[in-house]
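Engineer: Got a structure for you, questions after.
There are 2 protein chains.
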Amino acid sequence: MKIRQLFDYDTWTYTYLLWDETTKEAAVIDSVLEKVDRDEQHIKELGLNVKYLLETHIHADHITGAGPLRKRMGGQLVVHKNSGSECADILAVDGDVFKLGDQEIHVLHTPGHTNNDITYQIEGAVFTGDTLMVRDCGRTDFQLGDNKAMYHSLTEILFKLPEDTMVFPAHDYKGFSQSTIGEEKQFNHRAGSNKSYEDFSTIMDNLNLPNPKRIDIAVPGNMKCGDLD
Amino acid sequence: MKIRQLFDYDTWTYTYLLWDETTKEAAVIDSVLEKVDRDEQHIKELGLNVKYLLETHIHADHITGAGPLRKRMGGQLVVHKNSGSECADILAVDGDVFKLGDQEIHVLHTPGHTNNDITYQIEGAVFTGDTLMVRDCGRTDFQLGDNKAMYHSLTEILFKLPEDTMVFPAHDYKGFSQSTIGEEKQFNHRAGSNKSYEDFSTIMDNLNLPNPKRIDIAVPGNMKCGDLD
Numbered sequence: 001m002k003i004r005q006l007f008d009y010d011t012w013t014y015t016y017l018l019w020d021e022t023t024k025e026a027a028v029i030d031s032v033l034e035k036v037d038r039d040e041q042h043i044k045e046l047g048l049n050v051k052y053l054l055e056t057h058i059h060a061d062h063i064t065g066a067g068p069l070r071k072r073m074g075g076q077l078v079v080h081k082n083s084g085s086e087c088a089d090i091l092a093v094d095g096d097v098f099k100l101g102d103q104e105i106h107v108l109h110t111p112g113h114t115n116n117d118i119t120y121q122i123e124g125a126v127f128t129g130d131t132l133m134v135r136d137c138g139r140t141d142f143q144l145g146d147n148k149a150m151y152h153s154l155t156e157i158l159f160k161l162p163e164d165t166m167v168f169p170a171h172d173y174k175g176f177s178q179s180t181i182g183e184e185k186q187f188n189h190r191a192g193s194n195k196s197y198e199d200f201s202t203i204m205d206n207l208n209l210p211n212p213k214r215i216d217i218a219v220p221g222n223m224k225c226g227d228l229d
Numbered sequence: 230m231k232i233r234q235l236f237d238y239d240t241w242t243y244t245y246l247l248w249d250e251t252t253k254e255a256a257v258i259d260s261v262l263e264k265v266d267r268d269e270q271h272i273k274e275l276g277l278n279v280k281y282l283l284e285t286h287i288h289a290d291h292i293t294g295a296g297p298l299r300k301r302m303g304g305q306l307v308v309h310k311n312s313g314s315e316c317a318d319i320l321a322v323d324g325d326v327f328k329l330g331d332q333e334i335h336v337l338h339t340p341g342h343t344n345n346d347i348t349y350q351i352e353g354a355v356f357t358g359d360t361l362m363v364r365d366c367g368r369t370d371f372q373l374g375d376n377k378a379m380y381h382s383l384t385e386i387l388f389k390l391p392e393d394t395m396v397f398p399a400h401d402y403k404g405f406s407q408s409t410i411g412e413e414k415q416f417n418h419r420a421g422s423n424k425s426y427e428d429f430s431t432i433m434d435n436l437n438l439p440n441p442k443r444i445d446i447a448v449p450g451n452m453k454c455g456d457l458d
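Here the protein sequences come in this chain order: A and B.
By the working numbering, the letter at position 69 of the first sequence is numbered 69, and the numbering carries on one by one without gaps.
So the working numbering is basically just the index in the second sequence, starting at one, shifted up by 229.
Here it is in structure tokens:
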């Protein structure tokens, strides 16, 4: 599977293009509304056919470009069932598999940041959304976020994957682009080094972060798949 | 060879860590002064031994972190001979080879943005500095930049590499992280699609870009390898 990482400077969001080199069937993970023109042109230049528009969750910090990309380029839009989305083509659940040519994308339900987080797993790599980020994890204080669920997703699902699995997050704020499961098990500031649930929970309860600036616009916008009119 | 891409949001600079998985010998390409703490910690967590600090050129938009990293972590600092650097350990020229374990890093002299641009080539990938960027190339209007040299570097050196060679630039301003030689030959806005030298030169002569904000600080800072004491 070929992987191309794209970045939105305004919201620090990573978008990913995945494609099968033989069939050119492609998936777009977590597109950003303001970057739809860029992504469309790039997808055309690469000669790809969009089969899936995959969302890792209903984002609170930016509006997805998945709906507009679907209109322009086709493809089925995938969000986790718990989102309650009425604009997705597929409401995915843990264990679902999407195929690009002979290559498989597996759905792992990894809630904690929200109740609808998906990690998309391919051979050798996971796209972890806001669940696992480089040395970090998503906040748990809105959108049905939950410390217990996050700790379970990190330590019982993701950290159990092979250590050399590459980790591609939905955001980064320090200039990291990727990590590995082995690194995060050891060095993740919030859940690494066998931190207990109590220690993890204390960290998460004391982040004192302001609400995302665009949450009041982003969440309803994403419930419309980014199709705002 | 393992590759890790790091980003500096303030100057839109990509830093790269390269390492040989067996020996853990590593090279750092184009570090940024303000990111030395981040890079040092990351290198330590990855368990790497810095053997080389590779500069693609004397930058005009940021100050290198190579000197400070050398003090903290060791390694030989490499700049092209044309730079006239007095703080580098190795003044490299075209054809030089640096080894990390059994893996080789080849020096290609690809001037045009400056007179001292190096593309570092490993198996399957090139780190092209400000010579070739995604759909773009470096400006040629200061620091002994030269349209003819840039056109030659792009079309006669880089575009002659295998089309599936991955391209990792020193900067990006649109959220692209990498490309391939095949893509750039076809889609590069300035030199792709068999553009003539005349067309290329007209584009380059009409960019009308302001000088980099930090050029008066960055160039002398980089001539000191970032050791500003």
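Every residue, glycine too, gets a C-beta built ideally from N, C-alpha and C.
1) Entirely within the region 270-330 of chain B and at least 3 residues each: give me those beta strand (DSSP E) ranges in chain order.
2) Taking a Cβ distance cut-off of 8 Å, strictly less, list which residues of the region 370-382 of chain B are near chain A, in chain order.
3) Quick check: what's the CA-CA separation for ALA420/B versus ASN49/A?
4) When the Cα atoms are used, what is the spatial distance from SER314/B to GLY294/B?
5) May I have a chain-ordered list of the alpha helix (DSSP H) segments no shorter than 4 residues that lie completely inside the region 132-170 of chain A?
6) Using a beta-carbon distance cut-off of less than 7 Å, what residues from the region 182-195 of chain A approach chain B?
7) Quick check: what's the CA-CA separation for LYS81/A versus VAL32/A?
8) DSSP three-state call for ALA447/B: helix, strand or coil?
9) Determine, using beta carbons only, whether LEU48/A comes closer than 8 Å to chain B.
10) What separation, rounded to the nearest whole angstrom, lies between the Cα atoms of CYS316/B and LEU283/B?
11) Going by DSSP, what residue range makes up the alpha helix (DSSP H) through THR114/A?
12) To the nearest angstrom, how far is the alpha carbon of ALA256/B from that of VAL307/B?
13) Using beta carbons (cut-off 8 Å, strictly below), is SER314/B in contact with chain A?
14) Considering only residues of the same chain and omitting the five flanking positions on each side of THR343/B, which have a CB-CB separation below 7 Å?
15) For chain B, is any of its Cβ atoms less than 8 Å away from the one on SER31/A?
16) To the nearest angstrom, how far is the alpha carbon of PRO340/B from that of GLU385/B?
17) Beta-carbon of PHE397/B versus every beta-carbon of chain A: anything under 8 Å?
18) Using the beta-carbon of each residue, which ones in chain E are nearer than 7 Å to GLN234/B?
19) Spatial neighbours of SER350/B within its chain, please: CB distance less than 6 Å, with the 5 preceding and 5 following residues excluded, ordered by chain position.
20) Just the chain A side, please: which residues come within less than 7 Å of LYS403/B by C-beta, in chain order?
21) Starting from the Cα of LEU387/B, find the closest Cα among LYS264/B, THR242/B, ILE347/B and give me that residue.
22) Expressed to the nearest angstrom, what Euclidean distance is found between the alpha-carbon atoms of ASP290/B and ASP39/A?
23) Grab the span of the alpha helix (DSSP H) containing LYS414/B for me, first residue to last.
24) Leaving out five residues before and five after ASP259/B in sequence, what residues of the same chain have Cβ atoms less than 6 Å from its Cβ?
25) Going by DSSP in three states, TYR243/B sits in which element: helix, strand or coil?
Structural biologist: Once the coordinates are examined:
1) 278-283, 305-309, 319-321, 326-329
2) none
3) Taking the first residue of the second sequence as position 1, residue 420/B is located at position 191. Taking the first residue of the first sequence as position 1, residue 49/A is located at position 49. C-alpha separation (whole angstroms): 27 Å.
4) Numbered from its first residue, the second sequence carries residue 314/B at position 85. Numbered from its first residue, the second sequence carries residue 294/B at position 65. For SER314/B and GLY294/B, the distance between alpha carbons rounds to 15 Å.
5) 147-152
6) GLU183, PHE187
7) Taking the first residue of the first sequence as position 1, residue 81/A is located at position 81. Taking the first residue of the first sequence as position 1, residue 32/A is located at position 32. If I take the Cα positions, the gap works out to 21 Å.
8) Indexing the second sequence from 1 puts residue 447/B at position 218. Helix, per DSSP.
9) Indexing the first sequence from 1 puts residue 48/A at position 48. Judged by the 8 Å Cβ criterion, LEU48/A is not in contact with chain B.
10) Along the second sequence, read from residue 1 onward, the residue named residue 316/B stands at position 87. Along the second sequence, read from residue 1 onward, the residue named residue 283/B stands at position 54. In a straight line, the C-alpha of CYS316/B is about 13 Å away from that of LEU283/B.
11) Numbered from 1 along the first sequence, position 114 holds the residue referred to as residue 114/A. THR114/A -> no alpha helix (DSSP H), and no H or E assigned at all.
12) As a first step, residue 256/B must be located in the second sequence, where it is residue number 27. As a first step, residue 307/B must be located in the second sequence, where it is residue number 78. In a straight line, the C-alpha of ALA256/B is about 10 Å away from that of VAL307/B.
13) As a position in the second sequence, residue 314/B is number 85, starting the count at 1. Not closer than 8 Å to any Cβ of chain A, the Cβ of SER314/B fails to qualify, so no.
14) Locating residue 343/B in the second sequence gives position 114, counting from the first residue. Correct list, in chain order: HIS286, ILE287, GLN372, LEU373, GLY374.
15) Taking the first residue of the first sequence as 1, we reach residue 31/A at position 31. Not one chain B Cβ lies under 8 Å of SER31/A.
16) Residue mapping note: residue 340/B aligns to position 111 of the second sequence, counting from 1. Residue mapping note: residue 385/B aligns to position 156 of the second sequence, counting from 1. One C-alpha to the other measures close to 12 Å.
17) Within the second sequence, residue 397/B is the residue found at index 168, counting from 1. Chain A contact via Cβ: absent.
18) The structure shown contains no chain E; its protein chains are A and B.
19) In the second sequence, the residue the question calls residue 350/B occupies position 121. Going by the sequence as given, residue 350/B is Gln instead of Ser. Same-chain partners within the cutoff: HIS335, LEU337.
20) Taking the first residue of the second sequence as 1, we reach residue 403/B at position 174. Those are ARG38, listed as they occur along chain A.
21) For the purposes of this step, residue 387/B is taken as residue 158 along the second sequence, with counting starting at 1. Checked all of LYS264/B, THR242/B, ILE347/B; the closest Cα to LEU387/B is ILE347/B.
22) Start at 1 with the first residue of the second sequence, and residue 290/B comes out as number 61. Start at 1 with the first residue of the first sequence, and residue 39/A comes out as number 39. Roughly 28 Å separates the two Cα atoms.
23) Here the question's residue 414/B lines up with position 185 in the second sequence. Per DSSP, LYS414/B belongs to the alpha helix (DSSP H) from 410-416.
24) Here residue 259/B is taken as the residue at index 30 of the second sequence, counted from 1. Excluding residues within five positions, the ones whose Cβ falls inside 6 Å are THR244, THR285, ALA399.
25) Taking the second sequence and counting its residues from 1, one reaches residue 243/B at position 14. Reduced to three states, the DSSP call for TYR243/B is strand.
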